[in-house]
């Protein structure tokens, strides 16, 4: 389930920064990296984004591409949490998350996240960029070997099930393909994380 309180805090930072035109200074921060990334090995650190990245996403890289809507930017942690798919970058330095939404040009939104990035005296998991992906289907077909997670929901412009079967089905029988994690794996991971929390740290609901 989404942590709505934390996501709201991130959204408030986005709305406030853009309303004030404050595109320098401290990073925008979400208290904890979504489980879909932690199950893939991301450390349990805050999820952060620089004001410069916020500016590029909101302006469409200064008009070079379609911007994301304010709502989409404000709910980036939720879009990550409900990822349609997660791909590992070839150099292993980051992941590309395929979201369930599209930009104003009807291109699937992808989000690049880097783990364990230094921010002063601490470390964060960093949202490096987010944008509508050109030629998304051909890109996905070329990178199916890097697929690490396939979610329950799909992106309306890039359904993956057929690509997954076509690109990886034969190799799976040879035992050469790394396991692609799915929604059931994520549910078990979240359940185990809840059990591991000391009772005093579990927020009380009213």
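Residue numbers (the UniProt record's numbering): 1 to 206. Glycine included, each C-beta is placed from N, C-alpha and C at the ideal position. Fair warning: this is a prediction, and the values are worked out from it, not measured in the lab.
Got a sec, what are the start and stop residues for the beta strand (DSSP E) residue i sits in?
| i | result |
| --- | --- |
| residue 99 | 95 to 102 |
| residue 53 | Premise fails: residue 53 lies in the alpha helix (DSSP H), 51 to 63, not in any beta strand (DSSP E). |
| residue 38 | Not the beta strand (DSSP E): residue 38 falls in the alpha helix (DSSP H), residues 35 to 38. |
| residue 32 | From DSSP, residue 32 is part of no beta strand (DSSP E); its letter is neither H nor E. |
| residue 125 | 122 to 132 |
| residue 114 | 108 to 119 |
Flag this pair as yes or no: are the beta carbons of residue i and residue j separated by less than 8 Å?
| i | j | result |
| --- | --- | --- |
| residue 109 | residue 131 | yes |
| residue 54 | residue 80 | no |
| residue 58 | residue 160 | no |
| residue 11 | residue 75 | yes |
| residue 48 | residue 126 | yes |
| residue 27 | residue 119 | yes |
Would you decide whether residue i is buried or exposed? Buried here means 16 or more other CB atoms lie within 10 Å of its CB.
| i | result |
| --- | --- |
| residue 138 | exposed |
| residue 152 | exposed |
| residue 113 | buried |
| residue 106 | exposed |
| residue 193 | exposed |
| residue 103 | buried |
| residue 188 | exposed |
| residue 145 | exposed |
| residue 38 | buried |
| residue 16 | exposed |
Quick check: the Cα distance between residue i and residue j, rounded to an integer number of angstroms?
| i | j | result |
| --- | --- | --- |
| residue 205 | residue 141 | With a pLDDT of only 38 at residue 205, under the threshold of 50, the placement of this residue in the model should not be trusted; the figure read from the coordinates follows. If I take the Cα positions, the gap works out to 44 Å. |
| residue 210 | residue 18 | The shown model of the chain, from 1 to 206, leaves out residue 210, and the question about it has no answer. |
| residue 123 | residue 93 | 15 Å |
| residue 101 | residue 121 | 35 Å |
| residue 133 | residue 143 | 14 Å |
| residue 40 | residue 180 | 10 Å |
| residue 208 | residue 52 | Residue 208 is absent from the model: the chain starts at 1 and stops at 206. |
| residue 156 | residue 71 | 18 Å |
| residue 50 | residue 68 | 16 Å |
| residue 82 | residue 42 | 16 Å |
| residue 182 | residue 29 | 27 Å |
| residue 148 | residue 154 | 15 Å |
| residue 64 | residue 89 | 23 Å |
| residue 185 | residue 33 | 17 Å |
| residue 237 | residue 46 | Residue 237 is absent from the model: the chain starts at 1 and stops at 206. |
Starting from residue i, trace the alpha helix (DSSP H) in both directions and tell me its first and last residue.
| i | result |
| --- | --- |
| residue 10 | 4 to 20 |
| residue 78 | 76 to 81 |
| residue 141 | 136 to 142 |
On a Cα-Cα basis, can you pick out the residue from the options that is closest to residue i?
| i | options | result |
| --- | --- | --- |
| residue 190 | 35, 21, 29 | 35 |
| residue 150 | 111, 87, 91 | 87 |
| residue 111 | 13, 45, 56, 20 | 56 |
| residue 136 | 186, 44, 158 | 158 |
| residue 31 | 25, 21, 44, 20 | 44 |
| residue 60 | 90, 25, 129, 46 | 129 |
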